[in-house]
Amino acid sequence: KVLRVAILGLGSYGTRVADAMQTCKRAKLVGAISGTPTKLKEWQTKYNIPAKNCYSYDNFDQIKNNKDIDAVYVITPNGLHRDQVIRVAKAGKHAICEKPMAINAQQGQQMIDACQAANVRLLVGYRMHFEPKTLEVIRMRQAGEFGKIKFFQGLSGFTIGDPKQWRLNKELAGGGAMMDIGIYSINGARYMVGEEPVWVTAQETKTDPVKFKEGVDETILFQMGFPSGAVASCLSTYSMNGLDKFYLNGEKGFAEMQPSTGYGPIKGQTHKGELNQPHITHQTVQMDEMAAIIFDNKKPEVPVDGQEGLRDLKIIDAIFLAAKTGKKVELKA
Ligand code: NAD
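Just so you know, we're using the UniProt record's numbering here: the sequence shown kicks off at 41 and counts up by one.
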């Protein structure tokens with residue numbers, strides 16, 4: 041069975057997903073939702089989408105009556121995810137939502153509740169959870185090849201441009217670099233170490249308070265502690281170039297990846313040699329796998345459900361609190 045998907049939010053990442061879906065085997069782009077009628081026309085031609093599967097932000101609740109669409113993939117600014125996913129759920133369609141799933145844990149929980157009540161699936165666009173080199177490192181860790189895990193380092197950042205973009209608007213972004221790119225180090229620490237953190241500490245620095253307003257983080261250094269005693273040290277920033285590196289250290293070996301979460305090819309090595317799994321288009325594999333998760337109840341190696349999205353949001357809430365108060369914040373394991 042093929043997963044018939046409508047994309048909501050036809051921006052730069054929405055377009056990347058649409059392009060990647062053209063080579064999917066089990067997922068098909070069949071619909072589009074946008075506030076811009078000209079973009080809908082463009083997408084109809086470019087991706088062969090029927091006009092009857094196109095909606096605006098005002099009328100997309102009517103998708104409820106459209107038997108030709110199974111799921112809606114929400115790819116809009118973070119601050120809009122909660123309300124849009126809830127509308128998708130109420131329309132009886134499966135919801136796929138971009139990361140961060142929402143702008144705080146409370147919103148994330150509301151989305152999970154709405155999807156549960158509507159009996160639809162909620163999946164989060166964690167494309168790295170299907171990336172072959174990443175999965176190989178996870179497999180090696182599970183097989184004990186690194187021994188007891190002691191340390192993870194995650195560096196996630198880039199220099200952000202246009203100060204007027206939504207990514208620098210607190211209401212639409214929910215924060216700054218942490219929501220956008222720092223989340224890769226949080227999520228990566230969790231799947232590389234294979235545990236959930238029980239505490240965080242964090243320090244924030246801001247060199248440009250005009251560009252990075254109140255509530256929009258420029259740079260945050262943060263640390264996490266795991267039940268086994270493993271620790272993580274991470275950097276999230278909007279003002280350094282090309283930071284995209286993971287390092288995992290265990291008693292018997294290590295893995296390092298750079299780039300670690302970009303669109304690829306991902307590159308990396310372990311104490312046993314270079315990682316040589318094939319490069320795949322992340323979003324193509326992600327959508328095929330999501331079809332299997334929804335229709336065959338397939339369990340991915342690393343979860344991509346609402347609970348997974350919520351875990352990252354709880355950690356982000358704790359990091360913001362730790363940065364603000366200067367105190368260590370405990371998390372429930
Ligand atoms: P973008 O600015 O390129 O696109 C956002 C889209 O939302 C645009 O089409 C815009 O018209 C629309 N939109 C609707 N209401 C809006 C509003 N009030 N303000 C601004 N735009 C509005 O952004 P993007 O890079 O495509 O990011 C969209 C989402 O995808 C974000 O949640 C982001 O974190 C996520 N994303 C994920 C990845 C990934 O690798 N998984 C990569 C990039 C972006």
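In this text, a Cβ means the ideal position worked out from N, Cα and C, and glycines have one as well.
Would you please state the rounded distance, in angstroms, between the beta carbons of residue i and residue j? I believe it to be under 8 Å.
i: A183; j: E235; result: Not really, about 16 Å apart at Cβ, beyond 8 Å.
i: V233; j: F266; result: 6 Å
i: V45; j: A60; result: Not quite, the Cβ-Cβ distance comes to about 11 Å (not below 8 Å), so this is no contact.
i: K190; j: N289; result: 5 Å
Pick from the options: whose alpha carbon is nearest that of residue i?
i: A217; options: Y231, T199, K354; result: T199
i: G346; options: Q147, R66, D59, P90; result: Q147
i: residue 389; options: H319, K251, M219; result: Look at the range of the chain in this structure, 41 to 373, and you will see that residue 389 is not part of it.
i: M297; options: F100, A58, N99, I178; result: I178
i: M280; options: A72, G197, T55; result: G197
i: A158; options: G215, V125, E171; result: V125
i: R207; options: D98, F262, G119, K367; result: G119
i: P117; options: L175, G49, Q149; result: G49
i: T76; options: V70, Q62, V57, N99; result: N99
i: G194; options: L175, L163, G228; result: G228
i: G132; options: H121, V70, A111, E258; result: A111
Which term fits residue i, buried or exposed, when burial requires 16 or more other beta carbons within 10 angstroms of its beta carbon?
i: N105; result: exposed
i: K285; result: buried
i: S268; result: exposed
i: P140; result: buried
i: D328; result: buried
Regarding residue i and the ligand NAD, is the C-beta to nearest heavy atom distance less than 8 Å?
i: H121; result: yes
i: P305; result: no
i: L212; result: yes
i: G148; result: no
i: M264; result: no
i: R127; result: no
i: T76; result: yes
i: S52; result: yes
i: Q205; result: yes
i: Y95; result: no
Report task. Any chance you could list the alpha helix (DSSP H) runs of at least 4 consecutive residues sitting entirely within the stretch 99-180, in chain order? Result -> 118-130, 145-157
Query raised in the report: Enumerated in chain order, which unbroken segments of the alpha helix (DSSP H) with a length of 4 residues or greater are wholly contained in the UniProt domain "GFO/IDH/MocA-like oxidoreductase" (176-295)?
Result: 210-213, 223-233
Report task. Mind listing, in chain order, the continuous beta strand (DSSP E) runs of no fewer than 3 residues lying wholly within the stretch 284-361? Result -> 294-297, 308-310
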